[in-house]
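Colleague:
Number of protein chains: 2
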Amino acid sequence: MPGPKFIYEAELFKAISHPTRIEILQLLRDGEKCVCDIVPALEKEQSNVSRHLGLLRKEGILSSRKDGLKMIYRVEDPRVFELIDTAREILRKCWEEKREMLL
Amino acid sequence: MPGPKFIYEAELFKAISHPTRIEILQLLRDGEKCVCDIVPALEKEQSNVSRHLGLLRKEGILSSRKDGLKMIYRVEDPRVFELIDTAREILRKCWEEKREMLL
DNA sequence: TACTTATATGCTTAGTTGCTCATATTGTAA
DNA sequence: TTACAATATGAGCAACTAAGCATATAAGTA
């Protein structure tokens, strides 16, 4: 293992730590999709979305295949959804506690 | 909910996505610790560690209390460890697949 | 062949992050 | 009070990130 401890874990989290990228992952929850479906769903610049997709693929979170003109992306390991879900639960608890403090 | 979807989830992941911060969380797995124990364990600059601790607290991942001169930090929600563990599992699978491709 | 559609990429710019050094703050002890 | 120990913070800098625009590549169609 080169370098400091946990660099790979850190990189994985970093890859997920962007609103657009999480939104992409959510879109891919129910199966693979092509860029031409992802871009309009996100309402972001095509080049922007393409970069986020490329990053997620580079980190091994997504994989892609070509189908004619279309590039189809899918999530490699469904446990990334566990990550997102757990994060939401942590946040929900956090907010509930803050809310209680105000009462 | 202001702004784009998933900004809070993204921020949470971002807070965790640094090797030093993950190392801090690992150190706190078995209970609270003061900065004076954390800094030597990490072998990093005191000011550097302090900033990472401050960031984790600002994001609600850590909480702190004072005990005399010492500042003691602890993990607020143990589910952050689930996040780290799941990340490791994802990485392990990812590496195993790469390894198999080389055989 | 030329044209079109789908996607990726080079370039630039603005904003962010992480680090270090030095200093400030807070609490304890003499 | 002064001195010290533990922690936090301001300033400055290098490195990185995300976004947009324009352009390039790739694959299909006429």
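Chains as they are written, first to last, in my numbering: chain A, 1 to 103; chain B, 1001 to 1103.
A virtual CB, placed ideally from N, CA and C, is assigned to each residue, including glycine.
1) Taking 7 angstroms as the CB-CB limit, is residue 17 of chain A close to chain B?
2) Could you spell out where the beta strand (DSSP E) holding residue 62 of chain A opens and where it closes?
3) Could you tell me the distance, in whole angstroms, from the CA atom of residue 86 of chain A to the CA atom of residue 70 of chain A?
4) Quick check on residue 1043 of chain B: buried or exposed, where buried means 16 or more other Cβ atoms within 10 Å of its Cβ?
5) Could you tell me the alpha carbon to alpha carbon distance between residue 1041 of chain B and residue 1064 of chain B, rounded to whole angstroms?
6) How about residue 79 of chain A and residue 1022 of chain B: do their beta carbons lie closer than 7 angstroms?
7) So residue 1114 of chain B is in the beta strand (DSSP E); what residue range does that whole segment cover?
8) Give a yes or no on whether the minimum CB-CB distance between residue 1060 of chain B and chain A is below 7 angstroms.
9) Are any of the Cβ atoms in chain B nearer than 7 angstroms to that of residue 87 of chain A?
10) Taking the CB atoms as reference points, tell me whether residue 1018 of chain B and residue 10 of chain A lie closer together than 7 angstroms.
11) Could you tell me the alpha carbon to alpha carbon distance between residue 6 of chain A and residue 1058 of chain B, rounded to whole angstroms?
12) With burial defined as no fewer than 16 other Cβ atoms inside 10 Å of the residue's Cβ, what is the status of residue 77 of chain A: buried or exposed?
Modeller: Quick look at the numbers:
1) With 7 angstroms as the cut-off, residue 17 of chain A counts as an interface residue toward chain B.
2) Per DSSP, the continuous beta strand (DSSP E) segment holding residue 62 of chain A begins and ends at 62-67.
3) Across the structure, residue 86 of chain A and residue 70 of chain A are spaced so that their CA atoms are roughly 33 angstroms apart.
4) With fewer than 16 Cβ atoms within 10 Å of its Cβ, residue 1043 of chain B is classed as exposed.
5) Note on geometry: alpha-carbon atoms of residue 1041 of chain B and residue 1064 of chain B lie some 18 angstroms from one another.
6) No, these two residues do not count as a Cβ contact at 7 angstroms.
7) Coverage of chain B is limited to positions 1001 through 1103, which leaves residue 1114 of chain B absent and any answer about it impossible.
8) By this cut-off, residue 1060 of chain B is an interface position.
9) Residue-level contact check: residue 87 of chain A touches chain B, since one or more beta carbons of chain B fall below 7 angstroms from its beta carbon.
10) Yes, Cβ-Cβ distance for residue 1018 of chain B and residue 10 of chain A is below 7 angstroms.
11) Going by the C-alpha atoms only, they are around 22 angstroms apart.
12) A buried status is given to residue 77 of chain A, since no fewer than 16 other beta-carbon atoms sit within 10 Å of its beta-carbon.
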